[in-house]
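Student: Below you'll find the structure I mean.
What follows is the structure, given as C-alpha cells:
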C-alpha cells in the first residue's frame, strides 16, 4: 500500500514529467476525502498514504506550474470493489457511482488549458456533510 499509493504516484509523475511539461499536460491524482478527515482504527498506514499523496500533488504543482495537477477526492464511498466490497449498493446509502466520478473528471479535463482546478471533492447528496 505504501509503495503503490505514495511511491507509485511519485515515480509515475517523475517518469512522465518531462513530457507533461512539454505538452502542458494534466496529472490527476485520486486521493480520499474521508481519509483526510477520519482516522479509522487500523487504517493508519492507508490514511498516511493519502495524506502523502495530497502533499505530493501540491508540491509537484508548486515546482511545476506549467503542468496542471488535480487532486480528485471522491468523498465517502464510490460503488466499486474497493476493500472487498461488491458494487450494486443503493445510492440512498451514500454511494457515488463510478460513472458519476468519471463524468465530473471529464468535464474538468475539457476546460481550457489556462484554467487549473487544483482540487475536486465529490459527495453523494445522501451523505452527511463533514467539514
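Numbering (the working numbering), first residue to last: 4 to 134. Even for Gly, the Cβ is constructed at its ideal location relative to N, Cα and C.
1) Leaving aside the five residues before and after residue 59 along the sequence, list all residues of the same chain whose C-beta is less than 7 Å from its C-beta, in chain order.
2) If we call anything under 8 Å between Cβ atoms a contact, is residue 112 one with residue 52?
3) Name the DSSP beta bridge partners of residue 29, please?
4) For the alpha helix (DSSP H) that contains residue 103, what are its first and last residues?
5) Once the 5 residues before and after residue 98 are set aside, which same chain residues still bring their CB inside 7 Å of it?
6) Pull up the CB-CB distance for residue 32 and residue 75, whole angstroms please, since I reckon it's below 8 Å.
7) For residue 119, list the residues DSSP reports as bridge partners.
8) Can the beta-carbon of residue 29 be found less than 8 Å from the beta-carbon of residue 71?
9) Could you tell me the distance, in whole angstroms, from the CA atom of residue 25 to the CA atom of residue 69?
10) To the nearest angstrom, how far is the alpha carbon of residue 104 from that of residue 132?
11) Using DSSP's beta-bridge definition, name the partner residues of residue 125.
12) Any idea which residues DSSP pairs residue 98 with across the strands?
13) Below 8 Å on the Cβ atoms is my contact criterion, and I expect residue 56 with residue 9 to pass it. Report the Cβ-Cβ distance as a whole number of Å.
Tutor: By the coordinates alone:
1) What you label residue 59 is simply residue 56 of the chain shown in a count that begins at 1. Excluding positions up to five away in sequence, the list reads 12 and 13.
2) In the chain shown, residue 112 corresponds to position 109, counting from 1. In the chain shown, residue 52 corresponds to position 49, counting from 1. Not in contact: residue 112 and residue 52 (Cβ atoms no closer than 8 Å).
3) Here residue 29 refers to the residue found at position 26 when the chain shown is read from its first residue. Beta-bridge pairing links residue 29 to 71.
4) Against the chain shown, residue 103 aligns to sequence position 100. Residues 101-112.
5) As a position in the chain shown, residue 98 is number 95, starting the count at 1. So the list reads 80, 81, 82, 92 and 127, once near-sequence residues are dropped.
6) Counted from its first residue, the chain shown places residue 32 at position 29. Counted from its first residue, the chain shown places residue 75 at position 72. Residue 32 to residue 75, Cβ: 7 Å. Contact.
7) Residue numbering aside, residue 119 sits at position 116 when the chain shown is read from its first letter. Paired residues: none, contrary to the question.
8) Position 26 of the chain shown, counted from the start, is the residue given in the question as residue 29. Position 68 of the chain shown, counted from the start, is the residue given in the question as residue 71. Yes, they are a contact pair.
9) Start at 1 with the first residue of the chain shown, and residue 25 comes out as number 22. Start at 1 with the first residue of the chain shown, and residue 69 comes out as number 66. One C-alpha to the other measures close to 9 Å.
10) Looking up residue 104 in the chain shown gives position 101. Looking up residue 132 in the chain shown gives position 129. Cα to Cα, residue 104 sits roughly 18 Å from residue 132.
11) Within the chain shown, the letter at position 122 stands for residue 125. The partner list for residue 125 (beta bridge, DSSP) reads 77.
12) Locating residue 98 in the chain shown gives position 95, where the first residue counts as 1. DSSP output for residue 98 lists 80 as bridge partner(s).
13) As a position in the chain shown, residue 56 is number 53, starting the count at 1. As a position in the chain shown, residue 9 is number 6, starting the count at 1. With 8 Å as the limit, residue 56 and residue 9 qualify as a contact, their Cβ atoms being about 6 Å apart.
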